[in-house]
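Here is the structure we will look at, set down as C-alpha cells.
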Amino acid sequence: MDLPETSAVALVIKIDDYLDAMRAVLDAFIVEKDLSAIYITSTIPSQSIKNVLNILEIDMERIYFIDCISHIMMGAAVRSEHVNFVESPTMLENIMLKVEFLMRSLEGKKLVLLDSINSLAIHNNTKILSEFLHILVNNLRAKGAYTLILSVDEQSSEEINNMLGLVCDETLAPSEQK
Amino acid sequence: MPETKEKKADAADARCITGIDGLDRILNGGIPRGNTVLITGSCGTGKTTLSLEFLLHGALNNENSLFISVTENWQKLIKNVIPYRFFDEDLLKNKKLIMIDLGAIYNKLGLEKSEFTAEDIDIIVRAVGDIVKEWEIKRLVIDSITSICFQLKTKEKIRDFILYIGKNLSEAGCTSILVSEISRAEQSYSMYGVEEAIADGIVLMANMERRGDLLRTLQVVKMRGTMHSRAKYVLDLTPEGVLLVPLLKGGSIPGGI
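Heads up: the sequence lines are chains A and B, in that order. Residue numbering for the first sequence follows the working numbering, beginning at 922 and increasing consecutively. Residue numbering for the second sequence follows the working numbering, beginning at 439 and increasing consecutively.
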C-alpha cells in the first residue's frame, strides 16, 4: 500500500475479509512503514481485537486503542496503558479528544484507523457523523498522520459512501480487485 | 504589508500565552496581559485544573506564578497537578510556582471574622498586592472568589473588592484568573451578579448533557482587548493538559440526534 503522507483513505471491505484486511493494514503501516497505530474501535471491544491480533501474531507494542464500545456493553473493560476508553460511540468529541491526546503522547508518524464508519453510523446520524469525520480527518492531515476509515460493504449505504467520498482522498475496495 | 520583528515581539508581549493550545487559539494568541478573567462554572467542570495549568505553563516559562487557595489547602490541590507530564516539583522549590492558603494571609492580618468591612477589603487587597510586587508575580489565580465574596455580604463591597484587586494586579502587570462557582441552574455567570460585569474576561465552563452523555464544555463569553471565538468547545483533562475540540453542531440543533 503506497499512499502519500497525510492522506485519508476509505477502505471498503467485505465482512468475510475483515480479519485479512486488518492484518494487511497493520502489517503495511506498523511493520513496513514503521508507524504507531491509533486504533479507534466502535465495532467490537478492544480486548477482542487484541485477542485476534495475538492469534495473528501481530506485535501490539505500537498499537493504541480508543475503545468506544466496551463501556456501553456494560462488560468488564480491561484497563491497560494501551487502551483509552470513551463511554459511548455517541461521544464523538471525546473520540477526537482521545485521538488528540495520543497524537501528543506518541512519538513519530502515526496511522489512525477508524473501525468502522458503519458501527458509528448505528449510534449517530449522518449530519453529526459527517461533521465529525470532516474535523477529524482535516485535523489529522494537518498533523501529518495517515487516516484509514474502514467501511464494511454489506453494512454500507449511499449516505455513508457519499460521506467517505467527501472526506477521503481515495477509496480502496480490495475485494473488487480480486 | 509584512509585520516587522518588533511588531511581532510587541504583540507577543501584549499577550499572556496560557500554554493551553486550544484556549490560546480561541483567544487569538492568549489573554491580553493585565486582564482579570473570571473562570466560572459549577462543580466538576475543570475550573481549578485549567487555572493550575495556566500557572504551571507560566512558571515553566519563567513567569512567577501565584495560586491563592481559599477553600482547600494547597497541598491537597497540588495533587491535581502531579499527573501532568510537564509538572516539575522544582517549580515549587524555586518559588516559580507559589501556593498560598488565604487563611494564612487572614491569620497574619488578624482578619479571622465572618464579615469583612470596607477597611478589611482594603487591607486584604493591599496584602495580595504586596505579595505580587515582592515576588514579581506575573500570573495569579484566586480559587475561589465566591468564597471571599461570601464574607463581603453586600454587592457594593463585592464590586469594590473586585474593582480594587483587578486594578492593583493590572497595574503590577499581573494577569489574573478569579475562579467563580455557580450552581448548575444559575442563569448568570456569577453567584452575586457583580463579578461578571467587572471582570475583563469571562470563561464559562459547564457540564452539557446530550442524549444522556455528559460533556465538559468551555466557552469564552467575553475578553476585552482581543478578538475571540464565542463558540462552545468540549474539553478533556489529560496528563498532556487540558485539550479542547469544537462542539459538533449537529448534536445541538433541536431534533438533531
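Using N, Cα and C, we set each Cβ at its ideal position, and we do this for glycine too.
Length of the line joining the Cα atoms of residue i and residue j
i, j, result
"aspartate 651 of chain B", "lysine 954 of chain A", "38 angstroms"
"isoleucine 993 of chain A", "alanine 945 of chain A", "29 angstroms"
"isoleucine 469 of chain B", "serine 967 of chain A", "41 angstroms"
"threonine 1092 of chain A", "lysine 670 of chain B", "33 angstroms"
"valine 930 of chain A", "isoleucine 455 of chain B", "36 angstroms"
"leucine 490 of chain B", "phenylalanine 505 of chain B", "8 angstroms"
"valine 579 of chain B", "serine 957 of chain A", "39 angstroms"
"cysteine 989 of chain A", "leucine 681 of chain B", "19 angstroms"
"leucine 1032 of chain A", "glycine 688 of chain B", "27 angstroms"
"lysine 485 of chain B", "isoleucine 477 of chain B", "7 angstroms"
"arginine 1062 of chain A", "leucine 642 of chain B", "30 angstroms"
"threonine 655 of chain B", "methionine 1017 of chain A", "14 angstroms"
"aspartate 938 of chain A", "glutamate 1075 of chain A", "12 angstroms"
"alanine 1042 of chain A", "leucine 1069 of chain A", "16 angstroms"
"lysine 1099 of chain A", "isoleucine 959 of chain A", "Residue placement at lysine 1099 of chain A is poorly supported in this model, since its pLDDT is 47, which falls under 50; the coordinates still yield a value, given next. Rounded to the nearest angstrom, the two C-alpha atoms are 28 angstroms apart."
"serine 1026 of chain A", "isoleucine 987 of chain A", "14 angstroms"
"tryptophan 592 of chain B", "alanine 556 of chain B", "First, the residue type needs correcting, since residue 592 of chain B is threonine and not tryptophan in the sequence shown. So the two alpha carbons sit approximately 10 angstroms from each other."
"leucine 616 of chain B", "leucine 540 of chain B", "14 angstroms"
"leucine 461 of chain B", "proline 521 of chain B", "20 angstroms"
"methionine 439 of chain B", "glycine 663 of chain B", "Since pLDDT at methionine 439 of chain B reaches only 49, below the 50 mark, its modelled position is unreliable, and the value read off the structure follows with that caveat. Distance between the alpha carbons of methionine 439 of chain B and glycine 663 of chain B is about 23 angstroms."
"glycine 457 of chain B", "glutamate 1014 of chain A", "21 angstroms"
Whole-Å CB distance - residue i paired with residue j, under 8 angstroms assumed
i, j, result
"glycine 639 of chain B", "methionine 661 of chain B", "4 angstroms"
"asparagine 606 of chain B", "glycine 482 of chain B", "The pair is not a contact, with the Cβ atoms about 31 angstroms apart (cut-off 8 angstroms)."
"serine 1037 of chain A", "valine 1004 of chain A", "18 angstroms between Cβ atoms; not a contact."
"isoleucine 561 of chain B", "arginine 597 of chain B", "About 18 angstroms separates the two Cβ atoms, so there is no contact after all."
In DSSP terms, what residue i is bridged to
i, result
"asparagine 645 of chain B", "B:Arg654"
"arginine 577 of chain B", "B:Ser503 and B:Thr613"
"cysteine 454 of chain B", "B:Ile469"
"valine 680 of chain B", "B:Leu675"
"tyrosine 960 of chain A", "A:Phe986 and A:Leu1034"
"methionine 1017 of chain A", "The partner list for methionine 1017 of chain A (beta bridge, DSSP) is empty, contrary to what the question assumes."
Own chain residues within Cβ distance below 6 angstroms of residue i, not counting five before or after
i, result
"serine 928 of chain A", "Asp1090"
"phenylalanine 554 of chain B", "Gln589 and Leu590"
"isoleucine 695 of chain B", "Below a pLDDT of 50, predicted positions are generally treated as unreliable, and isoleucine 695 of chain B, at 41, falls in that range; the measurement from the model is reported next regardless. If we look at isoleucine 695 of chain B and ignore the five residues flanking it on each side, it has no Cβ neighbours."
"leucine 974 of chain A", "Met981"
"serine 585 of chain B", "Val508 and Thr509"
"cysteine 977 of chain A", "Here residue 977 of chain A is leucine; the residue named in the question, cysteine, does not match the sequence. Arg944."
"leucine 529 of chain B", "Ala497 and Leu535"
"glutamate 550 of chain B", "Tyr544"
Cβ pair residue i, residue j closer than 8 angstroms
i, j, result
"isoleucine 934 of chain A", "leucine 1071 of chain A", "yes"
"valine 1007 of chain A", "leucine 1057 of chain A", "no"
"arginine 471 of chain B", "alanine 452 of chain B", "yes"
"arginine 649 of chain B", "threonine 1011 of chain A", "yes"
"phenylalanine 599 of chain B", "valine 563 of chain B", "yes"
"methionine 537 of chain B", "isoleucine 559 of chain B", "no"
"isoleucine 961 of chain A", "leucine 1034 of chain A", "yes"
"isoleucine 1081 of chain A", "asparagine 1039 of chain A", "yes"
"isoleucine 936 of chain A", "arginine 983 of chain A", "no"
"tyrosine 1067 of chain A", "leucine 924 of chain A", "yes"
Closer than 8 angstroms to chain E by CB, residue i
i, result
"threonine 676 of chain B", "Annotation note: the requested chain E is absent from the structure, which comprises protein chains A and B."
Same chain, Cβ closer than 8 angstroms to residue i, neighbours up to 5 away in sequence not counted
i, result
"glycine 1065 of chain A", "Glu926, Thr927 and Lys1030"
"glutamine 576 of chain B", "What sits at residue 576 of chain B in the sequence shown is lysine, not glutamine. So the list reads Cys454, Gly496, Glu501, Asn502, Ser503, Gly611, Cys612 and Thr613, once near-sequence residues are dropped."
"isoleucine 979 of chain A", "Arg944, Leu947, Asp948 and Ile951"
"leucine 940 of chain A", "Val973 and Leu977"
Residues of its chain near residue i, where Cβ-Cβ distance is below 7 angstroms and the 5 sequence neighbours each way are ignored
i, result
"valine 1088 of chain A", "Ala929, Leu1054, His1055 and Val1058"
"arginine 523 of chain B", "Pro677 and Glu678"
"proline 692 of chain B", "Because proline 692 of chain B carries a pLDDT of 49, less than 50, the predicted location of this residue cannot be relied on, and the following value inherits that uncertainty. No residues qualify anywhere along the chain."
"leucine 1050 of chain A", "Leu1041, Ala1042 and Met1084"
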